[in-house]
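Structure first, then comments.
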Amino acid sequence: MNVKTLKTNKHSWNEAAERFYGRNPLPEYGPMAPSEDNLNLFGDITNLKVLDIGCGSGHSLQYMNERNAAELWGLDLSEKQLNAARSLLENCTTPVKLFESPMEENPGLPHDYFDIVYSIYALGWTTNLDKTLANINKYLKQGGVFIFSWEHPLHSRVSIESGVLTLDKSYHEEGPYDHEGWGNPAIMQQFKVSTYINSLINCGFKIEQVIEDVYYSEEDIQRHENRWYSFEKAKSIPTTIIIKSRKLKLE
Ligand SMILES: C[S@@+](CC[C@H](N)C(=O)[O-])C[C@H]1O[C@@H](n2cnc3c(N)ncnc32)[C@H](O)[C@@H]1O
28 MNVKTLKTNK HSWNEAAERF YGRNPLPEYG PMAPSEDNLN LFGDITNLKV LDIGCGSGHS
88 LQYMNERNAA ELWGLDLSEK QLNAARSLLE NCTTPVKLFE SPMEENPGLP HDYFDIVYSI
148 YALGWTTNLD KTLANINKYL KQGGVFIFSW EHPLHSRVSI ESGVLTLDKS YHEEGPYDHE
208 GWGNPAIMQQ FKVSTYINSL INCGFKIEQV IEDVYYSEED IQRHENRWYS FEKAKSIPTT
268 IIIKSRKLKL E
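Quick note: the sequence shown uses the working numbering, first residue 28, plus one each step.
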């Protein structure tokens with residue numbers, strides 16, 4: 028765990044929180060990615076205990092509530108995001124428990140407890156992928172499901188200008204990088220697709236589905252004309268990777 032990076036990112040997320048309230052939460056998996064309505068990765072959530080890693084403003088937990096989850100648990104680094112989640116979820120009849128913590132640490136979450144752990148556009152902030160996935164594996168019951176979405180590893184390595192794609196950074200290069208386009212320093216981690224997959228396998232997960240598809244409506248084309256996730260770029264490379272995995276049952 029890199030304490031300095033976490034401190035920097037906590038500050039940046041507290042400053043930037045409002046810009047991200049409700050940005051692409053479930054049923055969306057990310058900008059111009061197929062949604063849960065198309066993919067049905069979660070299936071029926073009724074009466075299931077769910078945990079959201081990097082729950083942000085709580086909008087994906089709200090989606091879980093609307094689908095009759097039994098318990099809503101969330102963890103996030105930023106107190107500003109958690110305050111927003113608290114007010115969004117205050118009228119839920121379902122029990123809600125929110126923890127202010129880096130995902131690299133267990134702030135007191137139970138082991139062998141959750142039917143589903145998920146993370147929407149948060150996992151790539153971790154300063155220790157193996158530790159984070161090992162934690163998630165412990166929180167899940169045997170056979171429980173872990174689903175995450177994150178920016179596709181190619182996306183930030185490739186830029187586009189006048190329709191021409193340029194590879195700015197080697198695909199092989201991994202580790203921390205300063206994310207451009209944030210008002211304050213924000214340090215993200217760059218992993219390869221194989222690193223996510225191998226780390227999941229090493230932490231006791233069985234991969235069930237990997238999705239790299241791009242999906243856009245007419246509205247998305249307008250909405251993503253000139254942004255970090257541009258429609259022009261999405262025509263050639265995925266914006267988002269989604270992986271569904273399951274905690275292996277002991278033989
Ligand atoms: C894009 S937002 C998540 C959106 C949210 N999952 C949703 O569905 O609406 C990313 C979140 O990751 C959180 N975050 C960043 N680094 C973290 C870390 N190391 N541990 C836990 N949360 C972290 C940020 O505070 C932020 O709320």
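Idealized CB from N, CA, C, for every residue including glycine.
Quick caveat: nothing in here was measured; it's all calculated off a predicted structure.
Using a threshold of 8 Å, is the CB atom of residue i nearer than that to any non-hydrogen atom of ligand 1?
i	result
Asp148	Contrary to the premise, residue 148 reads as Tyr rather than Asp in this sequence. Yes, Cβ of Tyr148 sits closer than 8 Å to a heavy atom of ligand 1.
Phe173	no
Thr154	yes
Arg50	yes
Ile270	no
Phe47	yes
Trp40	yes
Ile80	yes
Ser84	yes
Asn36	yes
Rounded to a whole number of angstroms, what is the C-alpha to C-alpha distance between residue i and residue j?
i	j	result
Glu178	Ile268	6 Å
Ala10	Tyr243	Examination of residue 10 is not possible in this model, given that the chain is present from 28 through 278 alone.
Gln249	Ala44	24 Å
Leu167	Val191	44 Å
Tyr145	Asn67	14 Å
Phe136	Phe173	Residue identity check: residue 136 is Leu in the sequence provided, not Phe. Rounded to the nearest angstrom, the two C-alpha atoms are 16 Å apart.
Leu88	Val77	8 Å
Asn36	Tyr56	22 Å
Asp71	Ser176	19 Å
Glu200	Tyr148	21 Å
Cys119	Thr193	47 Å
What whole-angstrom Cβ distance do residue i and residue j have, given they're in contact under 8 Å?
i	j	result
Met28	Glu132	7 Å
Asp240	Pro265	7 Å
Ala97	Leu75	6 Å
Ser189	Asp195	Not really, about 15 Å apart at Cβ, beyond 8 Å.
Asp64	Pro52	Wrong, their Cβ atoms sit about 13 Å apart, outside the cutoff.
Asn211	His86	That belief does not hold up - the Cβ atoms of Asn211 and His86 are roughly 23 Å apart, past 8 Å.
Ala112	Leu102	Not really, about 10 Å apart at Cβ, beyond 8 Å.
Apart from the five residues just before and just after residue i, which ones in its own chain have a Cβ nearer than 8 Å to its Cβ?
i	result
Leu181	Tyr198, Ile264 and Pro265
Thr159	Ile80, Met130, Glu131, Leu150 and Thr153
Gly171	Phe141, Asp142, Ile143, Val144, Arg273 and Lys274
Asp157	Ser226, Asn229 and Cys230
Suppose the cutoff is 6 Å on Cβ atoms and the five residues either side in sequence are ignored; what does the same chain contact list for residue i look like?
i	result
Val123	Leu99 and Leu116
Leu275	Gly231 and Lys233
Thr73	Asn95
Lys165	His138
Asn319	The displayed coordinates of the chain run from 28 to 278. Any statement about residue 319 would go beyond what the structure contains.
Glu259	Ile187
Which same chain residues, not among the five before or five after residue i, have their C-beta less than 7 Å away from its C-beta?
i	result
Tyr256	Pro58, Met59 and Thr266
Tyr90	Pro52, Leu53 and Pro54
Write down every uninterrupted run of the alpha helix (DSSP H) in the region 134-218 whose length is 4 residues or greater and which is fully enclosed by it, in chain order.
156-166
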